[in-house]
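Colleague: Just passing along the structure, written as structure tokens.
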Amino acid sequence: MGMAFTFISGAQKAFSVGWREAARPLLMDYVDRLGAEVVVGGTPSVERAQALTQRLPVTIAITGPQVNWRSHPDQVKPHWKRDRPRSADGDGPAWGDDQDWDGLLLRTTADGHRIEFGLNDAAFERRPKLIGFTLSVLLLLTLLAYLYVRRLLRPLDDIRQGAQRFGAGEFGQPIPVRRPQRPDELGQLATTINTMGHDIHQMLEAQRALLLAISHELRSPLTRARLNTELLPETDDIAAQREALLRDLAEMARLISDLLESERLAGRHKALHREPTDPFALAREVIDELAVTQSAASTIRLQAAPGLPTLPLDRIRVRLLLRNLLDNALRHSAGVPQPVELHIHPDATGGQGVLIEVRDHGPGVPEDQLPHLAQPFFRPDTARTRSAGGVGLGLYLCRLVALAHGGTFAVRNARPGLAVTVTLPGA
Numbered sequence: 212m213g214m215a216f217t218f219i220s221g222a223q224k225a226f227s228v229g230w231r232e233a234a235r236p237l238l239m240d241y242v243d244r245l246g247a248e249v250v251v252g253g254t255p256s257v258e259r260a261q262a263l264t265q266r267l268p269v270t271i272a273i274t275g276p277q278v279n280w281r282s283h284p285d286q287v288k289p290h291w292k293r294d295r296p297r298s299a300d301g302d303g304p305a306w307g308d309d310q311d312w313d314g315l316l317l318r319t320t321a322d323g324h325r326i327e328f329g330l331n332d333a334a335f336e337r338r339p340k341l342i343g344f345t346l347s348v349l350l351l352l353t354l355l356a357y358l359y360v361r362r363l364l365r366p367l368d369d370i371r372q373g374a375q376r377f378g379a380g381e382f383g384q385p386i387p388v389r390r391p392q393r394p395d396e397l398g399q400l401a402t403t404i405n406t407m408g409h410d411i412h413q414m415l416e417a418q419r420a421l422l423l424a425i426s427h428e429l430r431s432p433l434t435r436a437r438l439n440t441e442l443l444p445e446t447d448d449i450a451a452q453r454e455a456l457l458r459d460l461a462e463m464a465r466l467i468s469d470l471l472e473s474e475r476l477a478g479r480h481k482a483l484h485r486e487p488t489d490p491f492a493l494a495r496e497v498i499d500e501l502a503v504t505q506s507a508a509s510t511i512r513l514q515a516a517p518g519l520p521t522l523p524l525d526r527i528r529v530r531l532l533l534r535n536l537l538d539n540a541l542r543h544s545a546g547v548p549q550p551v552e553l554h555i556h557p558d559a560t561g562g563q564g565v566l567i568e569v570r571d572h573g574p575g576v577p578e579d580q581l582p583h584l585a586q587p588f589f590r591p592d593t594a595r596t597r598s599a600g601g602v603g604l605g606l607y608l609c610r611l612v613a614l615a616h617g618g619t620f621a622v623r624n625a626r627p628g629l630a631v632t633v634t635l636p637g638a
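Oh and the sequence shown: position 271 is 482 in the numbering used here, straight run, nothing missing.
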């Protein structure tokens, strides 16, 4: 602050000294020319003085033996001509005091008349009005320019929203193209992105149709293979191979069933058969069913808050969700002393829904692979590998079931283990 004050004071001092030295001669010469224009034959002319005040924003006062006239008799002495302190050294008048201004603006004619020039205050009082008008015009032009640029860039918002929809797999609503008959560069870009989205949609639909057709076609030969395997004699020499083949066939059957179910849930015309369901009772049924084929299921720790609401759910799909989550947790908790945990609580975010969390104490998943766990056929390259079983459709189906009910699906590392959280709304 001190340096800034010193700089400003010095600059002001230098400017004032420079003005005194440079502007004074120019001003005196200009006033001399004005005085010469007013005087005719050594005597001031009122007519010329009036013409000069009409042409320039100046005041003229003439006093003398023959002519006494003031162009603006009502104007008081301006503040810049009033008495001011003398200079600091006391040797002469300070710049701008009355004596100094008289030397600049006062002229004496040969016949003894005094002509004093000044500034017309009324002309400068009109200047704020002009400044206000100019600022208003500038603000209006700025607003119009903003609206025009906003209108030009509005297609960018449409393109951004369309790209977000395409990225989320929503291809039903293309990006609107303004003036399709004469599209500009942004219109051409929107058309190109729409074409790209249409091609991607067609490619994904073709892949889904192919996968669905293959799944349908495999059901018949798979059923025949399982039937033929079960008809094999149960002798000791082929019993192990027979059981292994039956397990593989059962896994293939589950894969096909999961593929068909995922297609039904991912389709546009998915239909849920909702009925009043007690989440706790349904979870207990699923655990009891798993305990028949997996002894570890009997150790699952089920914790439910009292007074859980009855929800309108598709029992078959939610049963599939719970079975897949628990089966996935059991497979990845093999050899771990801590049991799998299943928690059911009211949804704290509001409403009448419930929150379901299944946690295991296995090896967990790398953080960078968590967002991909709910993708079809995805399995992280860690200890949770093919040796633990599964084909990578379980969590994908769970996500589809949760979204079909209007809920949410989230996965996080529980350290140790993995925790999957599903919310199911009450309506």
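Every residue, glycine too, gets a C-beta built ideally from N, C-alpha and C.
State the DSSP-derived secondary structure class of Ala-321, mapped to helix, strand or coil.
Modeller: DSSP places Ala-321 in coil when its eight states are reduced to three.
Colleague: When we look at the beta-carbon of Tyr-607 and count the other beta-carbons within 10 Å, is it buried (16 or more) or exposed?
Modeller: By the neighbour-count rule (16 or more Cβ atoms within 10 Å), Tyr-607 is buried.
Colleague: Grouping DSSP H, G and I as helix and E and B as strand, with all else coil, what is Thr-632?
Modeller: It is a strand residue.
Colleague: Flag this pair as yes or no: are the beta carbons of Phe-382 and His-412 separated by less than 9 Å?
Modeller: Yes, the pair counts as a contact, with Cβ atoms nearer than the cut-off.
Colleague: State the beta-bridge partners of Glu-472 as determined by DSSP.
Modeller: DSSP lists no partner for Glu-472.
Colleague: Quick check on His-554: does DSSP put it in helix, strand or coil?
Modeller: Strand, per DSSP.
Colleague: Could you pull out every unbroken beta strand (DSSP E) segment of at least 3 residues lying fully inside the region 424–498, listed in chain order?
Modeller: As far as the region 424–498 is concerned, its whole beta strand (DSSP E) runs of at least 3 residues are 485–488.
Colleague: Specify the secondary structure class of Gly-373 as computed by DSSP and reduced to three states.
Modeller: Here Gly-373 sits in helix by DSSP.
Colleague: To the nearest angstrom, how far is the alpha carbon of Pro-268 from that of Pro-284?
Modeller: Distance between the alpha carbons of Pro-268 and Pro-284: 15 Å.
Colleague: Just to confirm, are Val-547 and Asn-624 a CB contact at a threshold of 9 Å?
Modeller: No, they are not a contact pair.
Colleague: Excluding the 5 residues flanking Leu-536 on each side, which residues of the same chain have their C-beta closer than 7 Å to its C-beta?
Modeller: Contacts found: Val-569, Cys-609, Val-631.
Colleague: Taking its Cβ as the centre, do 16 or more other Cβ atoms sit within 10 Å of Thr-270, making it buried, or is it exposed?
Modeller: When all chains shown are included, Thr-270 counts as buried.
Colleague: In whole angstroms, give me the CA-to-CA distance for Pro-627 and Asp-410.
Modeller: Taking the straight line from one Cα to the other gives about 43 Å.
Colleague: Could you give the residue range of the alpha helix (DSSP H) that holds Arg-542?
Modeller: It spans 526–542 - the alpha helix (DSSP H) in which Arg-542 sits, taken as one unbroken run.
Colleague: By the three-class DSSP mapping on this structure, what secondary structure does Val-622 have?
Modeller: Strand, per DSSP.
Colleague: Keeping to the same chain, check which residues put their C-beta closer than 8 Å to that of Ala-613; ignore five residues upstream and five downstream.
Modeller: Same-chain partners within the cutoff: Leu-532, Thr-619, Phe-620, Val-633, Thr-634, Leu-635.
Colleague: Among the candidates Pro-550, Thr-254, Gln-372, whose CA atom is the shortest distance from the CA of Thr-320?
Modeller: Of Pro-550, Thr-254, Gln-372, the residue nearest in Cα terms is Thr-254.
Colleague: How big is the Cα-Cα spacing for Ile-404 and Leu-423?
Modeller: If you take the alpha carbons of Ile-404 and Leu-423, they lie about 28 Å apart.
Colleague: Identify whether Pro-591 lies in helix, strand or coil by the three-state DSSP scheme.
Modeller: Residue state, collapsed to three classes: coil.
Colleague: So, for Ala-615: in the same chain, excluding its five sequence neighbours on each side, which residues have a beta-carbon less than 8 Å away from its beta-carbon?
Modeller: Around Ala-615: Leu-476, Lys-481, Leu-483, Asp-525, Arg-528.
Colleague: Here's a check: name, in chain order, each residue in its chain whose Cβ is nearer than 6 Å to the Cβ of Ala-540, leaving out the five neighbours to either side.
Modeller: Closer than 6 Å at Cβ, skipping near neighbours: Val-551, Val-569, Asp-571.
Colleague: Just the Cα atoms here: how many angstroms apart are Leu-443 and Ala-455?
Modeller: Spanning the two alpha carbons is a distance of roughly 13 Å.
Colleague: What does DSSP give as the partner residues of Pro-394 in its beta bridges?
Modeller: Beta-bridge pairing links Pro-394 to no other residue.
Colleague: Taking 9 Å as the cut-off, decide whether the C-beta atoms of Ala-260 and Trp-280 are in contact.
Modeller: Yes, they are a contact pair.
Colleague: Thinking C-beta only, is Leu-466 closer than 9 Å to Leu-604?
Modeller: Yes; because the gap between Cβ atoms is below 9 Å, this pair is in contact.
Colleague: In three-state DSSP terms, what is Phe-328?
Modeller: Looking at Phe-328 - three-state DSSP - the assignment turns out to be strand.
Colleague: Alpha carbon to alpha carbon, how far is Gln-399 from Ile-370? Give it in angstroms, no decimals.
Modeller: If you take the alpha carbons of Ile-370 and Gln-399, they lie about 11 Å apart.
Colleague: What are the boundary residues of the alpha helix (DSSP H) that Thr-521 is part of?
Modeller: First-last for Thr-521: undefined, no H or E at that position.
Colleague: Distance, Cα to Cα, Ala-401 vs Pro-385?
Modeller: Taking the straight line from one Cα to the other gives about 9 Å.
Colleague: Looking at Val-173: is its Cβ nearer than 9 Å to the Cβ of Ile-326?
Modeller: Nothing about residue 173 can be reported from this structure: the residues present for the chain run from 212 to 638 only.
Colleague: Quick one: grab the DSSP three-state call for Pro-582.
Modeller: Helix at Pro-582.
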